[in-house]
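Participant:
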Ligand code: NAD
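Residue numbers (the working numbering): 7 to 283.
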């Protein structure tokens, strides 16, 4: 079975990205990403730190704005707008999830990010693909796994992860089935697929009953079990069935690293576009 190793793929793609950031800096327009975090959820802080580390290594500045959990909507929106209007800031991210008190206002809050700075492609109003879907596409490219003429089964249909990943598969010429929490017989749908991509956030959802030899399985899920991060695939059960012609992305070290890379590729795209205008 082939391991779709996101750390190896990312290390290989890093050079090209770093060259883009170096070129922007040489033109007097260094790339800079602002991340607004509300409240100090440890998992969110870990994600922000991973973005900071990677961005700094690639040559983009990362500014982390940490606001208290109880911040009001108006104050938060004002902070986002100020960053969005700052010509020195190339991209703005609002780290999700927002605290419970602001969750129902999420759409209005995110709307404060303009399409030109929307590096997460969360407003759907720019040309970018959300980073997770872009990262999945680049992981498949790196390992030479094409989608044209294949059957893809995408589990999960969220606006930021599942739906854009299904769209990526469609654009690449796959026949796509989208499964979700109401799907009646998940194993039947996955068995029919050549490529299974799972983004449900349910550890062990895809196991021995869901896979067959030769399939490619991309595991987007990330859940915490004690101190460990686990995906949606029971890898110990699935790997022997996938066999020598199969492929599986591990968690951690599969899609996660690619998502961070893709986020900064989105930033490079925005900075290059904005600089040309
Ligand atoms: P979400 O909760 O918004 O969506 C989950 C989706 O899975 C829903 O469409 C739901 O219908 C479906 N689902 C849930 N239970 C199911 C079941 N039993 N059978 C079939 N479908 C089921 O979550 P999200 O934001 O889309 O994230 C999904 C997972 O991906 C999470 O674990 C998240 O942590 C992870 N994630 C990983 C990365 C990465 O870089 N690897 C990036 C973003 C999200």
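Every residue gets a Cβ at the ideal spot worked out from N, C-alpha and C, and that includes glycine.
In this text the structure is predicted, and so the values were computed from the model without any measurement.
Which residue marks the beginning of the alpha helix (DSSP H) containing residue 182, and which one marks its end?
Facilitator: Looking at the DSSP string, residue 182 is not in any alpha helix (DSSP H); the run it does join, the beta strand (DSSP E), is 181-185.
Participant: In whole angstroms, give me the CA-to-CA distance for residue 77 and residue 33.
Facilitator: 37 angstroms
Participant: Beta carbon of residue 34: closer than 7 angstroms to some heavy atom of the ligand NAD?
Facilitator: no
Participant: Could you tell me the distance, in whole angstroms, from the CA atom of residue 236 to the CA atom of residue 90?
Facilitator: Going by the C-alpha atoms only, they are around 35 angstroms apart.
Participant: Would you list the one or two residues that DSSP bridges to residue 230?
Facilitator: BP columns for residue 230 point to 235.
Participant: Looking at the ligand NAD, does it come within less than 7 angstroms of residue 206, judged from the CB to the closest heavy atom?
Facilitator: yes
Participant: Nearest to residue 55 by CA position, among 68, 64 and 217, is which residue?
Facilitator: 68
Participant: When you compare the CB positions of residue 39 and residue 99, do they come within less than 8 angstroms of one another, or not?
Facilitator: yes
Participant: Tell me which same chain residues have a C-beta within less than 6 angstroms of the C-beta of residue 120, skipping the five on either side of it?
Facilitator: 90
Participant: Does the stretch 135-145 touch the stretch 258-270, meaning 3 or more C-beta pairs lie closer than 8 angstroms?
Facilitator: yes
Participant: Put residue 106 into one of helix, strand or coil per three-state DSSP.
Facilitator: helix
Participant: Assign residue 255 to one of two classes, buried (16 or more other C-beta atoms within 10 Å of its C-beta) or exposed (fewer than that).
Facilitator: Flag for residue 255 reads buried.
Participant: Below 8 angstroms, how does it come out for the stretch 240-255 and the stretch 267-281: are there three or more Cβ pairs, yes or no?
Facilitator: no
Participant: Taking a contact to mean a Cβ-Cβ separation below 8 angstroms, would you say residue 125 touches residue 272 in this structure?
Facilitator: yes
Participant: Is it the case that the Cβ atoms of residue 226 and residue 261 are separated by a distance below 8 angstroms?
Facilitator: Pairing residue 226 with residue 261 gives a Cβ-Cβ distance under 8 angstroms.
Participant: Enumerate in chain order the residues of its own chain whose CB-to-CB distance from residue 149 is below 8 angstroms, with the five nearest sequence positions on each side excluded.
Facilitator: 8, 10, 15 and 253
Participant: Could you name the residues of the same chain whose beta carbon sits closer than 7 angstroms to that of residue 105, not counting the 5 residues immediately before and after it, in chain order?
Facilitator: 44, 45 and 75
Participant: Let's see if you can read the secondary structure: which residues bound the alpha helix (DSSP H) around residue 139?
Facilitator: Element bounds for residue 139: 137-148.
Participant: Which first and last residues belong to the beta strand (DSSP E) in which residue 73 is found?
Facilitator: 67-73
Participant: How would you write the range of the alpha helix (DSSP H) that residue 82 sits in, first residue to last?
Facilitator: Counted as a single uninterrupted DSSP element, the alpha helix (DSSP H) harbouring residue 82 occupies residues 79-91.
Participant: Going residue by residue through the stretch 152-182, where are the continuous beta strand (DSSP E) segments of at least 3 residues, counting only ones entirely within it?
Facilitator: Unbroken beta strand (DSSP E) stretches of 3 residues or longer found wholly inside the stretch 152-182: 157-161, given in chain order.
Participant: Please check the pair residue 224 and residue 142, which I expect to be a contact at CB under 8 angstroms, by giving their CB distance rounded to whole angstroms.
Facilitator: Contact flag correct, Cβ pair sits at about 6 angstroms.
Participant: Report the option in 189, 156, 160 and 162 whose CA atom is closest to the CA atom of residue 178.
Facilitator: 156
Participant: For the candidate residues 35, 70, 60 and 61, whose alpha-carbon lies nearest to that of residue 51?
Facilitator: 70
Participant: Any chance the CB of residue 164 is under 7 angstroms from a heavy atom of the ligand NAD?
Facilitator: Yes, Cβ of residue 164 sits closer than 7 angstroms to a heavy atom of the ligand NAD.
Participant: Exposed or buried, residue 62, counting other C-beta atoms within 10 Å across all chains shown (16 or more means buried)?
Facilitator: exposed
Participant: Residue 189 by DSSP, collapsed to three states: which one?
Facilitator: Three-state DSSP puts residue 189 in coil, outside helix and strand.
Participant: Using CA coordinates, which residue listed in 195, 28, 258 and 21 is at the minimum distance from residue 209?
Facilitator: 258
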